[in-house]
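Below is one structure, written out as structure tokens; comments come after it.
Protein chains in written order, with this note's numbering: chain W, 25 to 186; chain R, 26 to 318.
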């Protein structure tokens, strides 16, 4: 295969894209679909800024060949809010001051979503393990971990964020 | 680091047979999780004309145990094996080694077989597999062969896998009763690869050490066993004095280099410390009756 029209399933919608084998998933998301919430930083799988969920699992979109993600369910940060209403994880990050420059935030939030989908009541250690592949150079992580705890509680109570 | 990859052809066959026909280890490379291959393609250290994906071959992502031991396939992810109940119960040394890789994304995407096929002496999995006596199943065009893990690693970045071959399975025998293991790793940060790592597996019967395996990573062109140190424990037992001597012997077995992560002298000294710590841990786990292996 050299070039083909492929259907990507992103945030529940289907998108036809002309894809070549050497294209990376992050470039399809950002440049073909305009979903620039997914960030490019290290390009090497160290920082986690490019994290998206592929079939629910946190993955580096900068190390994923786009062709291997065709037909799989991809969730980016744009898929979380419901219209103008933030997802409880996003709201908790805002409320707890877990965002400073914001560059790591989309990846942090998607890793958090993967965690809370599997484990609705994580301990602080489990939160740290789940976010170990996401680097933040601003916050010192404490407020991020606080925010995940708040988000978990909100979601357990069936809330939509405060 | 380049932002884009250079063009290549892509194939995703549905059978192992087609994959091994296509790959040649040079111009045609096999893709499993992609964590290492795609990174090296970005760095332009590897510039394949063709990438052959294993991902569409069904039935390679298993992790299963039977009476003989544990088997996992080429597409079993690092995380899948780390979280497997069979592994946590029967091969906790392997789970401990996998747990030292901290990035969830790396473990979700990366496969354990892929980790080995990179051929890096810094592999976190390899020392545990050396200590556990793992065997590697390599499938070629006409034949399947199985070799001990110690014959699999040949040199830095070089394994026993031939041009038209891929690794399809790892087999780890069930540790004998009374086995107790430990894995320890020293790295710059939790996320970085090891400066030095070590896995030990002791077999203890009636309070005596009947067998000992000590494997080291990042201190030679391949992972290595510290055979003299192992022999010393079998003869002298598990006293603090014997452990100190074994740790010293393990440090002697290492042939480390100096690089950006450490000097050779520091690595050698840390082998001594890590082996001592790992043996202490394994002994105390054995005494606690945990029987970790």
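Ideal Cβ positions, reconstructed from N, Cα and C, are used throughout, including at glycine.
Under the 8 Å criterion on CB atoms, residue 111/W is classed as non-interfacial with respect to chain R. Not one beta carbon of chain W lies nearer than 8 Å to the beta carbon of residue 147/R. For residue 74/R, the closest C-alpha among the options 291/R, 53/R, 83/R, 86/R is that of 53/R. Among the CB atoms of chain R, one or more fall inside 8 Å of the CB of residue 26/W. Listed in chain order, the positions of the segment 74-94 of chain W with a beta carbon within less than 7 Å of a beta carbon of chain R are 75, 81, 82, 83, 84, 87, 88, 89, 91, 92.
Residues of the segment 211-230 of chain R with a C-beta atom less than 8 Å from some C-beta of chain W are 215, 216, listed in chain order.
For residue 165/W, there is no enclosing alpha helix (DSSP H), as DSSP marks it with neither H nor E. Not a single C-beta of chain W is nearer than 8 Å to the C-beta of residue 139/R. Beta-bridge annotation (DSSP): residue 222/R is paired with 210/R, 242/R.
Contacts with chain W (Cβ-Cβ distance below 7 Å) from the segment 62-73 of chain R involve 63, 64, 67, listed in chain order.
Three or more Cβ pairs closer than 8 Å define a contact, and the segment 119-128 of chain R falls short of that threshold against the segment 41-52 of chain R. Residue 294/R and residue 152/R have their C-alpha atoms some 18 Å from each other. Rounded to the nearest whole angstrom, the C-alpha separation of residue 245/R and residue 33/W is 46 Å.
Residues 72, 73, 75, 158 of the same chain have their beta carbon placed closer than 6 Å to that of residue 131/W, with the five preceding and five following residues left out of the count. Within 8 Å of the CB of residue 194/R, no CB atom of chain W is found; the nearest one sits about 22 Å away. 127, 128, 129, 130, 131, 133, 134: these are the residues of the segment 111-137 of chain R whose beta carbon lies less than 7 Å from some beta carbon of chain W, given in chain order. If you check each beta-carbon in the segment 37-63 of chain W against every beta-carbon of chain R, the ones closer than 9 Å belong to 44, 45, 46, 47, 48, 51. For residue 152/R, the enclosing alpha helix (DSSP H) begins and ends at 150-157. Shown here, residue 132/R sits in a helix according to DSSP, grouped into three states. Within the segment 46-61 of chain R, those residues whose Cβ lies closer than 8 Å to any Cβ of chain W are, in chain order, 56, 59, 60.
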